[in-house]
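J.: FYI, in full-length UniProt numbering the residues of the sequence shown are 1 to 166.
We put the beta carbon where it would ideally sit given N, CA and C, even for glycine.
Model, not experiment: these values are computed from the prediction.
Okay, here's the structure, questions in a sec.
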Amino acid sequence: MRGDGDGWVVSHGQAYWGRYGAVGLLLRAPGHDGTPVVLLQHRAAWSHQGDTWGLPGGARDSHETAEQAAIREAHEEAGLPAEQLTVRKVVQTKIVAGDGVSWSYSTVIADAQEMLPTVPNRESAELRWVAVDDVATLPLHPGFAASWQRLRDEFTSIPLLVNPQL
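Written out as structure tokens, the structure reads:
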């Protein structure tokens with residue numbers, strides 16, 4: 001689905017996807033043994049930085065908050081229902097400014113009650129729930145790889161919300 005945020009911006013010779021910035025959803029859920037797992041997307045080979053693992057996400061539209069964009073993108077790319085996601089925190093993981101351009105990437109940390117079923121779209125070769133300790137063993141998208149330890153530290157400090165209605 002195309003929005004007004006789809007498109008590249010260029011700063012200092014580097015191209016960044018998302019005219020108004022970009023977002024990713026770092027979704028946690030309790031694994032089979034109760035320890036947290038995260039949902040990762042194996043990016044389609046044809047996509048930018050394809051055949052790497054990262055977060056469902058994409059360009060932010062002009063009217064969206066980071067939370068709204070991440071939830072929309074997660075629905076589009078993974079079939080995740082918004083009503084089953086609880087946003088816990090937004091972390092700005094990259095900021096670019098220069099050449100008249102201001103661009104940022106925000107990671108939205110959210111929880112689900114369980115490992116939700118996923119429905120990949122054409123941008124995904126695969127969607128997989130991955131143990132936190134196994135994430136760094138995958139060939140990660142360079143941007144995600146650069147921020148993974150910081151994100152892990154951030155979400156480790158937030159208890160996994162398994163019963164938000166209680």
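With 16 other CB atoms within 10 Å as the buried threshold, where does Glu114 fall?
T.: The residue given as residue 114 occupies position 114 in the sequence shown. Taking all protein chains in view, the Cβ of Glu114 is surrounded by fewer than 16 other Cβ atoms within 10 Å, so the residue is classified as exposed.
J.: Going by DSSP, name the residue or residues bridged to Ala110.
T.: For this step, residue 110 is matched to residue 110 along the sequence shown. Answer is Leu27 and Val87.
J.: If we ignore side chains and look at the alpha-carbon of each, how far apart do Arg43 and Glu123 end up?
T.: Counting from one through the sequence shown, the residue named residue 43 turns up at place 43. Counting from one through the sequence shown, the residue named residue 123 turns up at place 123. Their Cα atoms are separated by approximately 6 Å.
J.: To the nearest angstrom, report how far apart Val90 and Thr107 are at their CA atoms.
T.: Mapped onto the sequence shown, residue 90 falls at position 90. Mapped onto the sequence shown, residue 107 falls at position 107. Cα-Cα distance, rounded: 6 Å.
J.: Report the residue ranges of all alpha helix (DSSP H) runs contained in full by the region 118 to 162; include only those spanning at least 4 residues, in chain order.
T.: The DSSP assignment places complete alpha helix (DSSP H) segments of no fewer than 4 residues inside the region 118 to 162 at 142 to 156, in order along the chain.
J.: Would you kindly work out how many angstroms separate the C-alpha atoms of Phe155 and Phe144, rounded to a whole number?
T.: By 1-based counting over the sequence shown, the position of residue 155 is 155. By 1-based counting over the sequence shown, the position of residue 144 is 144. Roughly 15 Å separates the two Cα atoms.
J.: Assign Ile71 to one of two classes, buried (16 or more other C-beta atoms within 10 Å of its C-beta) or exposed (fewer than that).
T.: As a first step, residue 71 is located in the sequence shown; it is residue number 71 there, counting from the start. Buried: at least 16 other Cβ atoms inside 10 Å.
J.: Considering only the alpha carbon of each residue, which of Val132, Ala146 and Ser147 lies closest to Val38?
T.: Stepping through the sequence shown from its first residue, residue 38 is reached at position 38. When each option's Cα is compared against that of Val38, the closest is Val132.
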